[in-house]
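So the protein sequences, as listed, match chains U and R.
Residue numbering for the first sequence is 246 to 402, as defined by the numbering used here.
Residue numbering for the second sequence is 804 to 1316, as defined by the numbering used here.
Positions of the beta carbon are idealized from the N, C-alpha and C atoms, including for glycine.
All of these numbers come straight from a predicted model, not from anything done at the bench.
Read the structure below first, then the notes.
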Amino acid sequence: MTDDAPPELTPLDPAFITTSRIATALGLLPFVIGAAVLELAKLLPPGSFLVPMFLVYAFVAFTVPARKYRHWGYVMGTDQLRVVRGYMFYSDTIVPFGRIQHIDVDQGPIDRRYGLSKLTVHTAGNHNSTVTLPGLAHADALAMRAAMRAAIRQEIL
Amino acid sequence: MKPAIDGSIDVTGQEGARLHISGLFVAFISGLPQLLFPLLAAVFGARKSDNPALIPIMVGAVLALSLFFRWLSWLRFRYHIGDDDIRVEKGILNRTARSIPYERIQDVSIQQKPLARMMGLSEVKFETGGGDGDDAKLSFVTLDEANRLRALVRSRKAGVAVAQNVPEMAESEDTETLFAMDGKRVFILGLYSFSLVIFAVLGGFAQQFDFLLPFDFWDYKRWAGLAEDSGVRVSTINGVGMAGQLILAFGAFTSLIFIGFATGVGRTILCEHGFRLTQTSKGFRRRRGLFTLTDVVMPTHRVQAAVVQTGPIRKRRGWHSLKFVSLAQDSKEESNYVAAPLATLDELWRISKAAGIAAPDGNECLRKGAKLHWIIQIALLMPPLMIAMLALLIFADRPLALMLFLALLLVIAACLFWCDWRRYRFGIDTQQLYMRRGWWRQRLTLAPHIKVQSIEITQGPFGRRFGLATLKFGIAGGTLDMIALPLPMAREIRSAVMEKVAEVDYSAINQSR
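As structure tokens, this is what we get:
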């Protein structure tokens, strides 16, 4: 298995790297603060908490989002949505439009600043009852929603 | 609306309607119990400050804050009745826009709780039968608006329903008995339900509540003393000789076995007495029970998959059980509908045929999984085992016995993996998917292609290296995972299923006509 990002996949919006960096950086901040506090307590030689913590922090918040971005991709077909993600734990999901129950378009505060949104489709299945696709340009997400809705409408007639 | 709150992510320009403002107060008042804890905290916090005037201020602040946030979310909540969907936008910071196509709405329920009723309001819920419960709720709108919405959804759906052509099984208006169990069958089922659970329950009780007993339950010397009091001496037992002791042990053992069977039979008769499955025009109807008779109807079109289960002993007698996996809407506790607890394969395929699931006819070419999958799992067990052995070698007093024990563990694990590999089969034919697994509880799952909701191919780090994949099918109310597939085969199966799935829409297969 080497075709980790097949060429036919549509990549996410590059701004996803930035938003995901901001989100992880904010989310992990408490740990850095915790390390700083331990540092101030002077339990071990100076730097023994803060330095490794900071290295991990920089790696997770800076490098990981870019990798995550490289391995995410989707294909918007005429009758199905395919979402591919992950390298170590690879998953490749297909949801036929004919099985979509409802569609969410979410926008968090960080996403909104960068004009991104997250598309979530809900199915009736127990496994994969929600399939999420983050990091879409907002207009794209709305267009995809409209296309799916139209497909559902068309299939039924 | 006000530009200040304009963060609407709907670019279509349609603003949509707000909920009724009085609903805010209804929700506020009915939400008061949830505020009890913060209120108590506020009161206690204020009491410490020695200023009694602070208490009402704090209480007022908590209430005002709650009301403020409710108002804010009310302000940010819009629903919009479109041409082909209902859209709900909500969220104060995180904005969510949910779109529910009319075709997917299974039911519109209108609920009026006493307080809302006094204010002429009602709560409208749109149910789609999606995998996760909370679909879309409008709380609250006026009763007129609620009725208008319901009528609107119904009229949209009525227009659709005419155009639907549902692939249907043979129509039978009169009820036909598909399967029934007589007393003898129930008794046999009871024998297979052998259970020593009563001892576990009693033991658990004894452990939990032994402080209530006037003696120490676990003190065997006291029990021996008790026996001695009633004339049995330990020395007497020792004195009866080898044969006598064996007889006593045998007696104890048989009584244990007897109690196990009796428990199983008793419980089974209570639950399954007079089991009867009939087919009505509405679907399957099941009646059973001795004292509490249950009567459950499941519409045929709700059946998503069938599970045929058996065990190593009952299989020799040809006994299997049949369950239907269904859209769990009627009852939360039973998502699998037991259609036949103990039946021969002939009886069982007749029932499943009525649900539109055919017996495997030999064309499904059941295949074994790639051996490599299990070998990898055993290999993964090796490193920790090696480390443990090394540790034993260095630290333990008698390393050999303990190491033998560890090696035995490995052998047992290998046996289990081998059994799993031997029993596991997957297969696919033009209509259905098959997956068989388990050597103790042997389960064969059958699912028609068109009931598949989504398909996922996953690979862990090792699967990636060796080109093995797992194929996970999303099925409403159940799961069907095919493991240990070579990646190309997984892709092949996926595209074959997708072809069938794309042809038929969800609404066409899961709605009553």
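Length of the line joining the Cα atoms of residue i and residue j
i: Ala1250 of chain R; j: Tyr1237 of chain R; result: 7 Å
i: Arg1153 of chain R; j: Leu981 of chain R; result: 8 Å
i: Arg988 of chain R; j: Glu1075 of chain R; result: 10 Å
i: Arg1244 of chain R; j: Val305 of chain U; result: 43 Å
i: Ser1124 of chain R; j: Val1100 of chain R; result: 19 Å
i: Glu930 of chain R; j: Leu1213 of chain R; result: 50 Å
i: Ile1062 of chain R; j: Asn371 of chain U; result: 39 Å
i: Arg850 of chain R; j: Leu857 of chain R; result: 8 Å
i: Trp877 of chain R; j: Ser833 of chain R; result: 16 Å
i: Val1000 of chain R; j: Leu1195 of chain R; result: 37 Å
i: Phe1220 of chain R; j: Trp1242 of chain R; result: 10 Å
i: Phe324 of chain U; j: Met984 of chain R; result: The sequence given here places Asp at residue 324 of chain U; Phe does not occur at that position. Distance between the alpha carbons of Asp324 of chain U and Met984 of chain R is about 46 Å.
i: Val340 of chain U; j: Met393 of chain U; result: 11 Å
i: Thr264 of chain U; j: Ile355 of chain U; result: 6 Å
i: Tyr1309 of chain R; j: Met1192 of chain R; result: 55 Å
i: Lys1085 of chain R; j: Thr978 of chain R; result: 10 Å
i: Ala303 of chain U; j: Ala260 of chain U; result: 19 Å
i: Val376 of chain U; j: His367 of chain U; result: 7 Å
Under 7 Å from the C-beta of residue i: neighbouring residues of chain U
i: Asp887 of chain R; result: Arg394 and Arg398
i: Asp1022 of chain R; result: Under the 7 Å cutoff, chain U gives no residues; its nearest Cβ is about 49 Å from Asp1022 of chain R.
i: Met1285 of chain R; result: Those within 7 Å of Met1285 of chain R in chain U number zero; the least Cβ separation is about 12 Å.
C-beta neighbour in chain R for residue i, strict 9 Å
i: Thr338 of chain U; result: yes
i: Ile345 of chain U; result: yes
i: Ile348 of chain U; result: yes
i: His367 of chain U; result: yes
i: Thr279 of chain U; result: In the sequence as displayed, the identity of residue 279 of chain U is Gly instead of Thr. Not closer than 9 Å to any Cβ of chain R, the Cβ of Gly279 of chain U fails to qualify, so no.
i: Asp385 of chain U; result: no
i: Arg266 of chain U; result: no
i: Gly353 of chain U; result: yes
i: Arg315 of chain U; result: no
Backbone secondary structure at residue i - three-state DSSP
i: Met922 of chain R; result: coil
i: Asp888 of chain R; result: strand
i: Val1307 of chain R; result: coil
i: Ile895 of chain R; result: coil
i: Leu1219 of chain R; result: helix
i: His1076 of chain R; result: coil
i: Glu253 of chain U; result: coil
i: Asp351 of chain U; result: strand
i: Asn950 of chain R; result: helix
i: Gly1266 of chain R; result: helix
i: Met984 of chain R; result: coil
i: Arg394 of chain U; result: helix
i: Asp853 of chain R; result: coil
i: Gln909 of chain R; result: coil
i: Ile1278 of chain R; result: strand
i: Asp324 of chain U; result: coil
Short CB-CB distance (under 9 Å) between residue i and chain U
i: Asp1133 of chain R; result: Residue confidence is low: Asp1133 of chain R scores 45 on pLDDT, short of 50, so the model does not pin down where it sits. Its coordinate-derived value is still stated next. No, because no Cβ of chain U sits closer than 9 Å to the Cβ of Asp1133 of chain R.
i: Arg1246 of chain R; result: no
i: Tyr882 of chain R; result: no
i: Val1255 of chain R; result: yes
i: Met1292 of chain R; result: no
i: Pro931 of chain R; result: Going by the sequence as given, residue 931 of chain R is Thr instead of Pro. Chain U contact via Cβ: present.
i: Val1304 of chain R; result: yes
i: Asn897 of chain R; result: yes
i: Ala900 of chain R; result: yes
i: Ala1109 of chain R; result: no
Partners in chain R for residue i, counting only beta-carbon separations shorter than 7 Å
i: Tyr335 of chain U; result: Thr1261, Gln1262 and Arg1267
i: Gly370 of chain U; result: Gly934, Gln1256, Ser1257, Gly1277, Ile1278 and Ala1279
i: Val376 of chain U; result: Ser1257
i: Arg390 of chain U; result: Ser902
Nonlocal neighbours in the same chain, by C-beta distance under 6 Å from residue i, ignoring five residues either side
i: Thr928 of chain R; result: What sits at residue 928 of chain R in the sequence shown is Lys, not Thr. Correct list, in chain order: Ser912 and Lys940.
i: Lys1126 of chain R; result: Val1110, Asn1139 and Val1141
Closer than 8 Å at the beta carbon, the chain R residues around residue i
i: Asp324 of chain U; result: Ala1305
Interface residues of chain U facing residue i [CB-CB closer than 8 Å]
i: Leu1130 of chain R; result: Ala369
i: Met1301 of chain R; result: Gln325, Ile339 and Pro341
i: Arg1297 of chain R; result: Ile339
Chain U residues whose Cβ lies nearer than 9 Å to that of residue i
i: Thr1282 of chain R; result: Gly370, Asn371 and His372
i: Asp938 of chain R; result: Gln346, His347 and His367
Close beta carbons around residue i, own chain, < 7 Å, minus the five adjacent residues each side
i: Leu992 of chain R; result: Thr1071, Glu1075, Pro1144 and Leu1145
i: Val1304 of chain R; result: His1252, Ile1253 and Val1255
i: Ile1286 of chain R; result: Gly1172, His1176 and Thr1273
Own chain, CB closer than 8 Å to residue i, minus 5 neighbours either side, in chain order
i: Met861 of chain R; result: Ala845, Val846, Gly848 and Ala849
i: Leu1169 of chain R; result: Pro1163, Arg1228, Phe1229, Gly1230, Tyr1237 and Arg1239
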